[in-house]
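**Student:** Residue numbers (this note's numbering): -17 to 294.
We put the beta carbon where it would ideally sit given N, CA and C, even for glycine.
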């Protein structure tokens, strides 16, 4: 186990540096002028422009800017925002809570809706309930989060004004109410996808020979489904759930904009349109890092859940 984890961590570090270079380069390929973001479009003298470029290391070569940025990362310094003239770490410290709560609520919905519904659908294969769940999941799989968000906003603004549709609350519990609709919007497509994957794997397990043996031994249907079939179908379900968590970080960008949430996703969207290099590259790299860590977690859990998977 230790040898495998060490090998995967080394691979993760290598990929991390390669991805950081790609992100750094792509961000700087945008045609917008970062100085305009710093000055907010105001006219300035050439001396002032040069001074700003020196302050933000824009007078250095791309290589110099990269090593200055990546070196700052290891010191906990993500740079200074062009648009807000504040440290990126300070901006993230204010906004990350909203994004974390949004993704956490969406994850809870996926775990407590997608997996049970997938199991129930598989256990009642070809029934009316199964067909209804399958068609419904297909509809949601085909609907992007921002589209679902707009529909929910219209529904709960004009028809059932139960939940607030914009902004965030003043405390934790009121914030949960504000984040309910965004969480549903973010989780809907992943609930549908995870449900379909759970159903598919459960149907495959329920048709396996060992299930017939368990049935012949007189085990109850509930024991067969939940203790035997679900356990053996857990690995692909766990994989999808873990990747859903990392994927929702990217999906939160549009959802936060639709619902006017003051989170990391909306900060990233604003920074892209303003050519705010430090904010854009730092948030993107953090999202990629979370994605890689989720993959590492899944790989390790493979060997723990299923002894047949060798970690070497």
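1. Could you check if residue 208 is buried or exposed, using at least 16 other CB atoms within 10 Å of its CB as the buried criterion?
2. Between residue 256 and residue 28, what straight-line distance do the alpha-carbon atoms span, to the nearest angstrom?
3. Check residue 69 in the structure and name its three-state DSSP category.
4. Taking C-beta to C-beta, are residue 315 and residue 88 nearer than 8 Å?
5. Going straight from the alpha carbon of residue 132 to that of residue 240, what length do you get?
6. How about residue 227 and residue 85: do their beta carbons lie closer than 8 Å?
7. What does the alpha-carbon distance come out to for the pair residue 10 and residue 278?
8. Could you check whether residue 212 and residue 101 sit closer than 8 Å to each other, using their CB atoms as the reference points?
9. Would the beta-carbon of residue 177 fall within 8 Å of that of residue 215?
10. Rounded to a whole number of angstroms, what is the C-alpha to C-alpha distance between residue 275 and residue 120?
11. What did DSSP end up calling residue 295 once you bin it into helix, strand or coil?
12. Residue 262 to residue 95, Cα distance in whole Å?
13. Out of curiosity, what's the CA-to-CA distance linking residue 76 and residue 245?
14. Quick check on DSSP: helix, strand or coil for residue 202?
15. Residue 57 by DSSP, collapsed to three states: which one?
16. Taking residue 284 and residue 217 to be in contact with their CB atoms under 8 Å, please state how far apart those CB atoms are, rounded to whole angstroms.
17. Can you tell me where the alpha helix (DSSP H) with residue 142 in it begins and where it stops?
18. Use the C-beta contact count for residue 13: other C-beta atoms within 10 angstroms, 16 or more gives buried, fewer gives exposed.
19. Assuming contact is defined by CB atoms lying nearer than 8 Å, are residue 220 and residue 168 in contact in what I supplied?
20. Just to confirm my understanding: we take residue -6, look at its own chain, exclude 5 residues before and 5 after, and list those with CB closer than 7 Å. What are they?
21. Please give me, in chain order, every unbroken run of the alpha helix (DSSP H) with length at least 4 that falls completely inside the segment 101 to 185.
22. Whose C-alpha, out of 190, 51, -2 and 33, is nearest the C-alpha of residue 210?
23. Along the chain, which unbroken stretches of the alpha helix (DSSP H) at least 4 residues long are found entirely within the segment 215 to 287?
24. For residue 138, which residues from the same chain have a beta carbon less than 7 Å from its beta carbon, with the 5 sequence-adjacent residues on both sides left out?
25. Let me know if residue 195 comes out buried or exposed under the rule of 16 or more other beta-carbons within 10 Å of its beta-carbon.
26. What does the alpha-carbon distance come out to for the pair residue 266 and residue 126?
**Tutor:** This is what the structure gives:
1. exposed
2. 21 Å
3. strand
4. The structure shown does not extend to residue 315, since the chain is modelled only from -17 through 294, so no value can be given for it.
5. A direct Cα-Cα distance of roughly 7 Å separates residue 132 from residue 240.
6. yes
7. 30 Å
8. Taking the C-beta atoms as reference points, residue 212 is found nearer than 8 Å to residue 101.
9. no
10. When only Cα atoms are considered, residue 275 and residue 120 end up about 30 Å apart.
11. Residue 295 falls outside the range modelled here, since the chain spans only -17 to 294, and no answer is possible.
12. When only Cα atoms are considered, residue 262 and residue 95 end up about 34 Å apart.
13. 8 Å
14. DSSP places residue 202 in coil when its eight states are reduced to three.
15. coil
16. 6 Å
17. Neither: residue 142 is in no alpha helix (DSSP H) and is coded neither H nor E.
18. exposed
19. no
20. Listed in chain order, the non-local C-beta contacts of residue -6 below 7 Å within the same chain comprise 274 and 278, local neighbours out to five positions each way being set aside.
21. 110 to 123 and 127 to 136
22. 190
23. 216 to 240, 246 to 255 and 259 to 287
24. 144, 145, 147 and 163
25. exposed
26. About 21 Å.
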